[in-house]
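Please read the structure below before turning to the comments.
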Amino acid sequence: MIKGKIERIWLIDDSEIDNFIASTILQNEFRGLKTINFVNALIAWQTIKNSKTNELPQIIILDWHLPLMTSERFINELSNCWPSDIKKPLICLVSSSLNKKEILPLASHPWIDGYISKPLMKENLISILKNTVVSLA
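Reading the sequence shown from the start, the letters are residues 23 to 159 in my numbering.
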C-alpha cells in the first residue's frame, strides 16, 4: 500500500492506444495527476536511471508483453537498482493474454502489486489503484 499523495504514474505499454486510454482515465479521475507514457520498457528504464528522486514514478502500470526490453527484465533491473532510501513504486501488470500460466511467474514477483486484464476498463483501473493507494492526487 502506498501512503501519501500520488502525483506520478508511468504507463509502459507498446500500445499507444492503451497508454492514451489509461492516461485519460487516470487524469479525468484524479485531477493534477501526472502520467508519463512509454512505448517500451528500455526507454522507461533509461529514464529511471537518469531521473532525480522527485521525478521517479510512484506507480507503474506495466504491460506484460513488451519489445526491446521484456517486462520481466525491466522488473528485475528495477528491483536490483532502485534506491534503497526510496519506497518502491506500486507496480500493476497488465496483459491481454488469456493464458494465465504464461503470466503467473511474473505476476507473482514480489515487486508486482496487482494485475489487470486488457482491455483496460475504467472500473478495473480505478479499483486496483484505490485498493492499493491511500491518497491519489
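Yeah, the Cβ is synthetic: ideal placement off N, Cα and C, and Gly gets one too.
Under the DSSP assignment, Leu64 falls in the alpha helix (DSSP H) whose first and last residues are Ala63 to Lys71.
Note: Asp35 is not bridge-paired with any residue in the DSSP secondary-structure output. The beta carbons of Leu78 and Ile70 sit closer together than 8 Å. Per DSSP, reduced to three states, the secondary structure at Leu100 is helical. Here Leu88 carries a coil assignment [DSSP, helix/strand/coil]. For Lys56, the uninterrupted beta strand (DSSP E) segment begins and ends at Lys56 to Phe60. Excluding its 5 nearest sequence neighbours in each direction, Leu90 has C-beta neighbours in its own chain below 6 Å: Asn62 and Leu64, listed in chain order. Contact between the segment 103-114 and the segment 53-62 is absent, with fewer than three C-beta pairs closer than 8 Å.
Rounded to the nearest whole angstrom, the C-alpha separation of Pro132 and Asn50 is 30 Å.
For Ile82, same chain residues with a beta-carbon under 7 Å away, outside a window of 5 residues either side, are Trp32, Ile34, Pro111 and Ile113 in chain order. Membership of Leu112 in the beta strand (DSSP E) is indicated by the continuous run Leu112 to Ser117. For Leu84 against Ser93, the beta-carbon gap comes to about 5 Å, under 8 Å, which counts as contact.
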